[in-house]
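In our numbering, the protein residues as written are -12 to 192. Heads up, the beta-carbon is just placed ideally off N, CA and C, and yes, glycines get one too. A short worksheet on the structure shown next.
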Amino acid sequence: MSFIAEFCVEIPPLSQASTAVPEMQFSGQDIVLEANRPRKFIFTALGTQFDDFENGLEADPTVVEYTRLTKSEETAHYVVTYDTAATSPDTYSVAVEHDISYHDIKLQDGEYTVRARVPDRSSLVKLREHCQENGIPFRLERIYQETGSNFGTHGLTDAQQEAVKLAYENGYFDSPRQSSLKQIADEIGISPQAVGRVAKSSRVQ
């Protein structure tokens, strides 16, 4: 059964342009694939520093060209064409390889926050390993399962959510296993037995 993972990464695309306007927020609406890579990115920009942002786009080495589609006082829509060679290392190619589907993509001050549908735990491990091997900062925020057409947590408490997150981050689901239940329990202050129950319930086949 698939699940939802929310994570943060720092990767090259639009990084320079977004850090030029750290208070602005960008939300991805669509990705157009070309040769299995995201060559074009359509997104909404929220803020007021549009001139500074567009100057940043001009200077950003990952951007070949951009078009501003619409603009109002605090919102604008853009489409950017990436320079594929300059966007490496990225996460999207390995996500496609392991059937990880990006649903929400947000960017602020050089950091992407992604909500993705992941087919199984090994796919998430592969994504994390790719980030580690390529020096990409990766931070897992949440893991939860879908309920119907909505996203839900199936009633997990904050401590349980933290236990599942730490289990993934510290390699509990890796093969071979990289951490113990006691290490995770000590970090968040609950019993190893409780961590074990939560980790077992979070396993998806």
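One Cα belongs to Val112, the other to Thr49, and the distance between them is close to 27 Å.
Under the DSSP assignment, Glu41 falls in the alpha helix (DSSP H) whose first and last residues are 37 to 46. Spanning the alpha carbons of Thr68 and Asp96 requires a straight line of approximately 20 Å. By the Cβ test, the region 85 to 104 is not in contact with the region 45 to 64, since fewer than three Cβ pairs between them sit closer than 8 Å.
Asp38 counts as exposed, since fewer than 16 other C-beta atoms from the protein chains shown sit within 10 angstroms of its C-beta. Nearest to Thr6 by C-alpha distance, out of Ser59, Glu(-7), Glu41, Tyr131, is Glu41. Taken through DSSP and simplified to helix, strand or coil, Glu60 comes out as coil. For the pair Met11 and Glu116, the Cα-to-Cα distance works out to about 30 Å.
Remark: C-beta atoms of Thr54 and Leu33 do not approach each other more closely than 8 Å. Straight through space, the alpha carbons of Leu44 and Ile123 are spaced by roughly 22 Å.
Shortest Cα-Cα distance from Ile(-2) to any of Phe30, Val101, Arg108 involves Val101. Approximately 21 Å separates the beta-carbon atoms of Pro9 and Thr74; this is outside 8 Å, ruling out the contact. Across the structure, Glu84 and Phe(-6) are spaced so that their CA atoms are roughly 18 Å apart.
Note that the C-beta distance between Tyr65 and Val(-4) is not below 8 Å.
Nearest Cα to Ser(-11) within the set Ala4, Val105, Leu56, Asp70: Val105. Beta-bridge partners of Ser88 (DSSP): Arg104.
By the neighbour-count criterion, in which 16 or more other beta carbons inside 10 Å mark a residue as buried, Ala72 falls on the exposed side. With a threshold of 16 other beta carbon atoms within 10 Å, Leu56 falls short and is exposed. In the DSSP annotation of this structure, Ala72 is not part of any alpha helix (DSSP H), being labelled neither H nor E. Assignment of beta-bridge partners to Arg55 by DSSP yields Tyr65.
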